[in-house]
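*Asks:* Quick one: this structure, given as structure tokens, is what I'll be asking you about.
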């Protein structure tokens with residue numbers, strides 16, 4: 001643990017300048033409120049009720065700032081607790097929050113293994129942390145003990161195939177330089193990296209870029225002393241063994257074997273996802289949500305009663321592209337995914353504003369409800385697998 005603490009004291013990760021908060025909000029999955037609601041609560045959470053949040057291993061604050069800002073902007077009550085081993089990382093996270101004048105946040109320096117001592121939480125964010133523990137299952141167990149009834153976890157852990165070339169370099173650099181303090185490790189590792197052949201699997205991997213962005217990114221990718229990646233099967237096994245159940249990945253289309261071929265008869269869902277991961281070969285992180293094992297899954301309301309949100313593109317711009325049948329390919333890393341949405345879905349997409357239900361949107365068109373719901377089903381099938389369409393009453 002001391003090596004990891006020393007690393008993040010020397011190189012807080014990801015590298016962030018609090019002054020940049022005046023220019024932009026870094027967003028992503030997990031911990032995007034409408035995505036949380038969609039994946040954990042069937043789009044039906046009562047956001048007038050205070051959301052108790054634990055950001056476990058919050059680093060320099062990306063997940064914390066995104067969630068706190070979104071809740072603040074929507075006027076939703078919350079109480080957020082941040083915990084991290086690194087005082088240097090905590091200082092940056094605190095400065096980012098102060099720049100944005102966000103409140104209702106408690107900062108704690110410590111290990112996520114102490115989570116049960118901090119109370120119980122409706123939502124736990126744990127991104128980029130569990131794969132750095134000597135025993136990730138112990139971390140998952142601690143987080144499970146801190147989960148309130150009907151609560152959920154948003155996670156990100158490393159995946160192996162999209163990180164091709166990383167682990168041989170980590171092993172070599174730590175064998176050569178692991179006895180040195182962090183700054184010396186980085187210096188020597190960067191010198192050695194410059195000597196590595198352009199045919200090394202890492203240098204032929206187009207899916208990784210942290211090492212080009214900052215010293216902290218280079219160190220975290222190549223010099224980390226404790227790092228592992230999970231296949232889908234390994235991650236789902238870890239969840240199951242510690243009292244969790246996977247509810248959804250943020251982009252379930254990545255794990256859909258049907259994108260490649262029909263699943264053999266009798267193949268279970270996790271094996272299908274594992275096979276899709278192997279066939280795709282580009283996934284570098286698993287991002288998604290989990291709830292407590294045995295907890296009753298919330299029931300989705302009828303489609304007409306769901307409140308849709310379009311993510312990643314303005315709904316009106318999407319509607320225009322669909323109407324003109326000029327929908328650009330969706331870029332997923334180095335891949336391009338073709339989306340098919342019929343032109344007559346444009347009036348429905350144009351009505352999406354995060355406050356109206358599908359039924360309300362249909363009512364504002366001249367379309368017959370049965371036909372409109374059939375068309376909306378095609379919209380849902382095209383966008384939901386890629387995290388572009390969520391259902392939530394977050395803004396109502």
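Numbering (our numbering), first residue to last: 1 to 396.
Virtual Cβ for every residue (Gly too), placed ideally from N, Cα, C.
Small disclaimer: the values here were computed from a predicted structure and weren't measured.
Can you tell me the Cβ-Cβ gap for residue 254 and residue 245, rounded? I've got them flagged as a contact below 8 angstroms.
*Replies:* In fact, because the Cβ distance is near 19 angstroms, the residues do not count as touching under 8 angstroms.
*Asks:* Tell me whether residue 124 is buried or exposed, calling it buried when 16 or more other Cβ atoms sit within 10 Å of its Cβ.
*Replies:* Burial call: buried.
*Asks:* In chain order, what residues of the same chain have a beta carbon less than 7 angstroms from the beta carbon of residue 29, not counting five sequence neighbours either side?
*Replies:* Closer than 7 angstroms at the Cβ level, and outside the excluded window around residue 29, lie 35, 250, 287, 387.
*Asks:* Beta-carbon within less than 8 angstroms of residue 49's beta-carbon, same chain only, minus the 5 sequence neighbours each way: which residues are those?
*Replies:* Closer than 8 angstroms at the Cβ level, and outside the excluded window around residue 49, lie 77.
*Asks:* Under the rule that 16 or more other beta-carbon atoms within 10 Å means buried, what is residue 277, buried or exposed?
*Replies:* Buried, since its Cβ has 16 or more Cβ neighbours within 10 Å.
*Asks:* Quick check on the burial criterion: 16 or more other C-beta atoms within 10 angstroms. Buried or exposed for residue 176?
*Replies:* Exposed is the call here.
*Asks:* Is it the case that the Cβ atoms of residue 144 and residue 63 are separated by a distance below 8 angstroms?
*Replies:* The answer is no: Cβ separation not under 8 angstroms.
*Asks:* For residue 61, which residues from the same chain have a beta carbon less than 6 angstroms from its beta carbon, with the 5 sequence-adjacent residues on both sides left out?
*Replies:* Around residue 61: 93, 96.
*Asks:* Suppose the cutoff is 7 angstroms on Cβ atoms and the five residues either side in sequence are ignored; what does the same chain contact list for residue 423 look like?
*Replies:* Beyond the ends of the chain as shown, which are 1 and 396, falls residue 423; an answer cannot be given.
*Asks:* When the Cα of residue 120 is compared with those of 149, 113, 348, which residue comes out closest?
*Replies:* Checking every option, the nearest Cα to that of residue 120 belongs to 149.
*Asks:* How should residue 371 be labelled, buried or exposed, when 16 other C-beta atoms within 10 angstroms of its C-beta is the threshold for buried?
*Replies:* It counts as exposed.
*Asks:* Buried or exposed: residue 25, going by 16 or more other Cβ atoms within 10 Å of its Cβ?
*Replies:* By the 10 Å Cβ count, residue 25 comes out exposed.
*Asks:* Roughly how many angstroms separate the alpha carbons of residue 111 and residue 31, rounded to a whole number?
*Replies:* About 20 angstroms.
*Asks:* Excluding five sequence neighbours on each side, which residues of the same chain lie with their C-beta closer than 8 angstroms to the C-beta of residue 102?
*Replies:* Within the same chain, residue 102 has close Cβ partners 65, 68, 69, 72.
*Asks:* Does DSSP put residue 69 in a helix, a strand or coil?
*Replies:* The answer is helix: DSSP assigns residue 69 an H, G or I state.
*Asks:* Between which residues of its own chain and residue 183 is the CB-CB distance below 7 angstroms, once the five residues before and five after are set aside?
*Replies:* The residues are 10.
*Asks:* Using CA coordinates, which residue listed in 354, 169, 122 is at the minimum distance from residue 147?
*Replies:* Nearest option by C-alpha distance: 122.
*Asks:* Which of the three DSSP states, helix, strand or coil, is assigned to residue 79?
*Replies:* In the structure shown, residue 79 sits in a strand (DSSP, three-state: E or B).
*Asks:* For residue 90, which option in 261, 301, 16 has the closest C-alpha, if you only look at C-alpha atoms?
*Replies:* Closest option to residue 90, Cα to Cα, is 16.
*Asks:* Leaving aside the five residues before and after residue 380 along the sequence, list all residues of the same chain whose C-beta is less than 8 angstroms from its C-beta, in chain order.
*Replies:* Counting only Cβ-Cβ distances below 8 angstroms, and skipping sequence neighbours, we find 303, 389.
*Asks:* Counting only the same chain and skipping the five closest in sequence on each side, list residues whose C-beta sits under 7 angstroms from that of residue 190.
*Replies:* Same-chain partners within the cutoff: 218.
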